[in-house]
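These protein sequence lines are chains A and B, in that order. Read left to right, the first sequence gives residues 1 to 425 (the working numbering). Read left to right, the second sequence gives residues 1001 to 1317 (the working numbering). First up is the structure itself, then whatever we jot down about it.
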Amino acid sequence: MIYTGITRLDPATGTSTVADARVGAGEERRDGRGLLLVPGFVDLHAHLREPGFEESETVATGARAALAGGFTTICAMPNTEPALDAPGLVAELLARAEAARGARVLVIGAITRGRQGKELADLVELAAAGCVAFSDDGAPVADARLFRHALEYATVTGLPLIEHPQDLALSGRGVMHEGVTSAALGLAGMPAAAEDGAVGRDLALARETGARLHLAHLSTAGSVELVRRAKAEGLAVTAEVAPHHLALTDEWVAGSRTCAWETAPAPRVMAYDSATKVNPPLRTAADVRACWAGLADGTIDAIATDHAPHASIRKDVEYQEAAFGISGFETALPLLLGGVRAGWASLATVVAALTVGPSRVLSRPLTPGDWVVVDPELEWTVDVTAFASKGRNTPLAGRRLRGKVVLAAVGDEIRYDARDAGMGR
Amino acid sequence: MTWRRRHVLATDDWSRDEIEQVLETTERMREVLSRPIRRAPPLRGRTVILFFAEASTRTRVSFELAAKALSADVVNISASGSSVEKGETLLDTVRTLEALGGDVVVMRHAASGAPYFVAQRTGARVINAGDGWHAHPTQGLLDAFTLRGALGDLAGKRIVIAGDVVHSRVARSDIHALVPLGARITLSGPPTLQPSAWLHGAPPEGVEFEADLDRALRGADAVIALRLQRERQEGGLIPSLREYARVWGLTEARVALMREGAPVMHPGPMNEGVEIDAAVAHGGRSLIETQVTNGVAVRMALLYLLAGTTSLEAVAA
């Protein structure tokens, strides 16, 4: 495929050039004017649900959904059933991913056996089986002593520990951000301090061990500031933020559908839409701005989707009973472009946080031959029934978005073309 | 004014006019209830389903009397012994409700927002009879009606709501019924039982907090005491029921701090000796029984506005 007059953006340097560019094999020519060519996105944080929750997602559906969102490499979190805590499970998952011919799938191994937070998993063996990091994501390692041992022990592997920072006692039975909106809705809240305090603990342990700590899905102004100071101090800490935490606020639980940067309010929907239930929860507009500021000044290294698909039976229930999570692959990019258009960060910063940023977190270079083509102006309606993901759980359902990944190539093979779905030019 | 709302889920977005219309209609319903035969025809042929997924006798009976006084057919789906306790999902129940074909679903549920879930998935009109900590709009409206009966115009009146506000759907609905009528609300109780965002950030319009109940009551025009759930102590929110009763219990001495004759209300059921002394609950200032009586009339008014087939004049005739 040859795109004529396409804008190629190099995230390593932030420079862009306009030229004809070849993506994948074949001689088909397409008008590339107004389109962007960038390296394939790397997602540090995705839930593929296999094994154990195949009604919500499989490796195959997840890896294809990732491509539709521009992610050519995704890291599978180990909160499956059984948890990915043994080399055989890792090998099996990698084999399934290879067969799926979607995005490249990397595996994150569990920190503790069965993600129970009681004893360490065989981290060195997991590393040998191909794991690229370790995490008990979905839950923190609540026992600070065990987490300290994990940080120390993992230095043998050279791989980062990805911690889900949450003080479980403080967040309690909360189902959304604690604030004015939770007070109005009568829903139990998770205070920002439950994240800030956990980040504080994790940074203190990283300082003592010198280990490679990566903090998952930061969502509060307080935790961004703590990481900013830790980096200034020279700690080997990195952090990520999810697209929904860069766009949506806790007001969405009450029925708002106005993105954080929008000045004109969008039509409201009925309150208590369980598609807005996610952990960490959607926070305030001030937290959203702080996350953008952290992205812009380099405090936050990567944008990671925390793609968390759920079968409808786990979402089509009372708000407090619903599972946490948003199906995020296929809507990530347009949300981010909204913030770029508002001037909250540059396009180069966002693309870097989707590519070279996460590649540095993993200490793995970007794969040559992985490319995506973006049409930043393409307007489309989020039709969850057309999702490649099995997870239709997104509060963006039915919404018009601007910006779309129109082509994705893995190892110079075109594996996603929006024209197949009747979109793009 | 034509009634436009399809459901009664909460009054947080209601205009003053809408609240006034309910209160005016309630007056007419009181007239129906004062007749020798307490029955009027406007819901004849309509089916009202009472879906109570959380134990409640008072509110359910109040709705049942209201529906029957308007000649509706009434069907009960209660929690105890029903499929709700056998693991049937709310979605399953909604499908059953749809198949039964009721015109109005009156529902009580332990989960905040459950009536919104049902309202989105049914053709029936939904009246929230209490959802979790969120709202109990008929209680708010009947409290407004009762207070207006006792105090007249509520503009500038200061009403104290005392106790466990954070877990109280009554407190939220009282605020959303009374503030639009011009009343000011003083919340009082342990800070651990108030919404933290209201204490440390922005309380709703017309609402302030005063931890010291004596100070809150001084010169107030009325007080509404809230029920204290005993499990709040186990949750670490209060040290003991004894201390709670001493510091925030409504005693005769405290009631005397209010403006002379200022009434005392409670949504029931009461923990006498905890949030309210028996002498106050059954004393001369108590409007607690009036609240119960007015509850039937308010619920009639809402059923009529939502599903009445004949005019209000036919009711009064």
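Even for Gly, the Cβ is constructed at its ideal location relative to N, Cα and C. Keep in mind the model is a prediction, meaning the values are calculated, not measured.
Contact under 8 Å by Cβ, A/Leu151 with A/Ala271: Pairing A/Leu151 with A/Ala271 gives a Cβ-Cβ distance that is not under 8 Å.
For A/Leu215, three-class secondary structure by DSSP: If DSSP states are grouped into helix, strand and coil, A/Leu215 belongs with the strands.
Beta-carbon spacing of A/Ala216, A/Asp273 below 8 Å: No, the Cβ-Cβ distance between A/Ala216 and A/Asp273 is not below 8 Å.
Selection from A/Arg173, A/Ala128, A/Arg104, A/Ser56 that minimises the alpha carbon distance to A/Asp85: Put simply, of A/Arg173, A/Ala128, A/Arg104, A/Ser56 the residue whose alpha carbon is nearest the alpha carbon of A/Asp85 is A/Ala128.
Interfacial residues, the region 1164-1176 of chain B to chain A, with Cβ spacing under 7 Å: Within the region 1164-1176 of chain B, those residues whose Cβ lies closer than 7 Å to any Cβ of chain A are, in chain order, Arg1169, Arg1172.
7 Å Cβ cut-off: residues of chain B touching A/Asp316: Those within 7 Å of A/Asp316 in chain B are Leu1091.
Distance CB(A/Glu57)-CB(A/Lys390) smaller than 8 Å: Yes, these two residues count as a Cβ contact at 8 Å.
Cβ shell of A/Ala66 (< 8 Å), same chain only, five flanking positions each side left out: For A/Ala66, the CB contacts under 8 Å within the same chain, skipping 5 residues up- and downstream, are Asp43, Ala46, Thr72, Ile74, Gly102, Ala103, His307, Phe329 in chain order.
C-alpha gap between A/Gln116 and A/Leu168, whole angstroms: Those two C-alpha atoms are separated by around 14 Å.
From A/Ala142, A/Ala421, A/Tyr3, residue whose alpha carbon lies closest to that of A/Trp380: Closest by alpha carbon: A/Ala421.
Cβ of B/Ala1202 within 8 Å of any chain A Cβ: So yes, B/Ala1202 belongs to the interface.
is_contact[A/Gly222, chain B] using C-beta, thresh 8 Å: Taking 8 Å as the CB threshold, A/Gly222 stays off the interface with chain B.
Option nearest B/Leu1306 by Cα separation, candidates B/Arg1121, B/Pro1042, B/Arg1215: Each of B/Arg1121, B/Pro1042, B/Arg1215 was checked against the Cα of B/Leu1306, and the nearest Cα belongs to B/Pro1042.
Nearest-angstrom Cα separation, counted from B/Arg1172 out to B/His1136: Straight-line measurement puts the Cα of B/Arg1172 at about 8 Å from the Cα of B/His1136.
Residues from the region 183-204 of chain A in contact with chain B, defined by Cβ distance under 9 Å: Those would be Ala183, Ala184, Leu185, Gly186, Leu187, Ala188, Gly189, Pro191, in chain order.
Three-state secondary structure assigned by DSSP to A/Val42: A/Val42: strand per DSSP, three-state reduction.
Residue burial classification, B/His1266 (beta-carbon count within 10 angstroms, cutoff 16): A buried status is given to B/His1266, since no fewer than 16 other beta-carbon atoms sit within 10 Å of its beta-carbon.
Against chain A: residues of the region 1134-1151 of chain B by CB proximity under 9 Å: Taking 9 Å as the upper bound on Cβ-Cβ separation, chain A lies near residues His1134, Ala1135 of the region 1134-1151 of chain B.
Contact set for A/Ile162: own chain, Cβ-Cβ below 6 Å, skip 5 residues either direction: The residues Ala133, Ser135, His214, Ala216, in chain order, have a CB closer than 6 Å to that of A/Ile162 in the same chain once the five nearest residues on each side in sequence are set aside.
Proximity below 8 Å, CB of B/Ala1197 to CB of A/Val199: No, the pair does not count as a contact, with Cβ atoms beyond the cut-off.
Contact with chain B by A/Gln320, beta-carbon distance below 8 Å: For A/Gln320, the answer is yes, since a Cβ of chain B falls inside 8 Å of its Cβ.
Nearest to A/Ala286 (by Cα), restricted to the options A/Pro165, A/Gly222, A/Asp417, A/Asp370: It is A/Gly222.
Beta-carbon proximity of A/Tyr3 to A/Val373, cut-off 8 Å: When the beta-carbon positions are compared, A/Tyr3 and A/Val373 come within less than 8 Å of each other.
Identity of the residue in B/Arg1242, B/Gly1249, B/Thr1122, B/Leu1090 nearest B/Ile1161 by Cα: Out of B/Arg1242, B/Gly1249, B/Thr1122, B/Leu1090, B/Gly1249 has the C-alpha closest to the C-alpha of B/Ile1161.
Within 8 Å, strictly: CB atoms of A/Gly130 and A/Val107: Against a cut-off of 8 Å, the Cβ pair of A/Val107 and A/Gly130 comes out as a contact.
B/Asp1221, buried or exposed, once every other Cβ within 10 Å from all chains shown has been counted against 16: With 16 or more Cβ atoms within 10 Å of its Cβ, B/Asp1221 is classed as buried.
Status (buried if at least 16 other CB within 10 Å, exposed otherwise) for A/Gly109: Burial check for A/Gly109: the Cβ neighbour count within 10 Å reaches 16 or more, so the residue is buried.
A/Val277: first and last residue of the uninterrupted beta strand (DSSP E) it sits in: Rather than Val, the amino acid found at residue 277 of chain A in this sequence is Lys. Per DSSP, A/Lys277 lies in no beta strand (DSSP E) and is assigned neither H nor E.
Cα-Cα separation, A/Arg360 to A/Glu321: Distance between A/Arg360 and A/Glu321, taken at the CA atoms: about 38 Å.
Cβ of A/Gly179 within 8 Å of any chain B Cβ: Answer yes: the Cβ-Cβ gap between A/Gly179 and chain B drops below 8 Å somewhere.
Separation of B/Ile1238 from B/Arg1232, as counted between CA atoms: If you draw a straight line from the Cα of B/Arg1232 to the Cα of B/Ile1238, it is about 6 Å long.
Neighbouring residues, chain B, relative to A/Met270 (Cβ below 8 Å): For A/Met270, the chain B residues whose Cβ falls inside 8 Å of its Cβ are Tyr1116, Ala1119, Gln1120, in order along the chain.
Length of the line joining the Cα atoms of A/Ala275 and A/Ala68: Their backbone Cα atoms lie some 20 Å apart in a straight line.
Heavy atom of the ligand FMN within 7 Å of A/Gly200 beta-carbon: Absent from the structure shown: the ligand FMN. Ligands present: none.
Chain-ordered chain A contacts of B/Ala1162 [CB-CB under 7 Å]: Listed along chain A is no residue with a C-beta nearer than 7 Å to that of B/Ala1162; the closest approach is about 18 Å.
Which listed residue (A/Val59, A/Val269, A/Ala386, A/Arg228) has its alpha carbon closest to that of A/Asp301: Answer by Cα proximity: A/Arg228.
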